[in-house]
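full-length UniProt numbering puts the last residue of the sequence shown at 314; the count rises by one with no breaks. Step one of this worksheet: look at the structure below.
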Amino acid sequence: MFCSCLGEQAHHQHQQLVDPYSENDSQEDPSEGFGPSKLGVRTTVDEPLSASQAIEVLQAGNRRFVQGDAKAGGLGPDKRRALAFHGQRPVATVIGCADSRCPVEQLFDARPGDIFVLRNAGNTCTHAEGSMVGSVEYSVLNLETKMILVLGHTGCGAIMGATKLFLERSAQKYIEATCQKDEQESTDQSTEASESEQPPQPGGCKSRSTLLGLLDALVPVAEQACVELGGGSTEEIASHAVKVNVWRTINFLLSYSLIIREKVASGEVELQGAVYNMSSGAVEFMGKSLKQAQLLNYDGHVVPSMGGPVRQVS
1 MFCSCLGEQA HHQHQQLVDP YSENDSQEDP SEGFGPSKLG VRTTVDEPLS ASQAIEVLQA
61 GNRRFVQGDA KAGGLGPDKR RALAFHGQRP VATVIGCADS RCPVEQLFDA RPGDIFVLRN
121 AGNTCTHAEG SMVGSVEYSV LNLETKMILV LGHTGCGAIM GATKLFLERS AQKYIEATCQ
181 KDEQESTDQS TEASESEQPP QPGGCKSRST LLGLLDALVP VAEQACVELG GGSTEEIASH
241 AVKVNVWRTI NFLLSYSLII REKVASGEVE LQGAVYNMSS GAVEFMGKSL KQAQLLNYDG
301 HVVPSMGGPV RQVS
């Protein structure tokens, strides 16, 4: 009898973890928080979830989202006050894309306080001194999140833009290489004329925009995707580049941040990748980077703004 009760209690705790809303479906506010919580919402009163628990909660939330059974809803006055007074204890840190079609909290059926979300165009992290790295460090040090998830998505506009830029530049290099012999045989006058008629650089303007800088930083992703595929259409390369970019962002985080490396090396924190399919609503959880062990042993100096050594391992 005693063992039976313990078994029921364990089952109850597991059910609360993967479906925290199951006991309150009939109530007006059908939620007791994202994972176990003492105040019906995740606050510092609660213990941090382990990385494996966090992934389980995220997977369960996405299943509800895909099935059209999302239950998170909003926060009542009591829960808002609890969050404001006690502070946040999110189950995970998610780096997502700024695309308005990819609302991170919703696709995991989460509410305010459940997930520490960081977003930018292309869910990327290309600067060691940037706010993305510092924000992730804050989440693991101060908020005690044990799971960092880099989330890409299908149909990413930033990745498509970088892919087109890569292909344009590749075509231009081919044209220049093909014409190089003829240019060397030309007279000085004809050479000057040909130089004055060079096509404009990709981007369509002489001044370098911040947007072009962002796409420039993602061009190596498209190049790597093209190499791995052995060629392909623009759409095929861009589609594969979405996953390449997820791994690249993970590798950047490990390369740039000693804090993150130490947390991951100790097993306290996990860093994983995933891709959200905008059509199906499903998130594909891809696990850890294959280069993680190599990067955890990296103790060299990382130069800010893309860091040379990173290119060899990303």
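Cβ coordinates follow ideal geometry from the N, Cα and C atoms, glycine included.
- A distance below 8 Å between beta-carbons, with the five flanking residues on each side excluded, links Thr145 to the following residues of its chain, in chain order: Pro48, Ala54, Pro90, Val91, Ala92, Thr93, Phe116, Ser139, Val269.
- Boundaries of the alpha helix (DSSP H) harbouring Glu137: 131 to 141, taken from the DSSP string.
- For His240, the uninterrupted alpha helix (DSSP H) segment begins and ends at 234 to 256.
- Per DSSP, His153 is one residue of the beta strand (DSSP E) stretching across 147 to 153.
- Note that the C-beta distance between Ala162 and Val221 is below 8 Å.
- Cys125 and Leu254 have their C-alpha atoms roughly 11 Å apart.
- Taken through DSSP and simplified to helix, strand or coil, Phe85 comes out as helix.
- Inclusion of Leu107 and Asn62 in the CB contact set at 8 Å is warranted, their separation being smaller than that value.
- Glu284 sits in a strand when the DSSP states are folded into three classes.
- The Cβ atoms of Arg111 and Ala72 lie closer than 8 Å to each other.
- The criterion of a C-beta distance shorter than 8 Å is not satisfied by Val150 and Ile259.
- CA-CA distance, Ser257 to Leu218, rounds to 20 Å.
- Contact between His153 and Val66 does not hold, since their C-beta atoms are separated by about 14 Å, which reaches or exceeds 8 Å.
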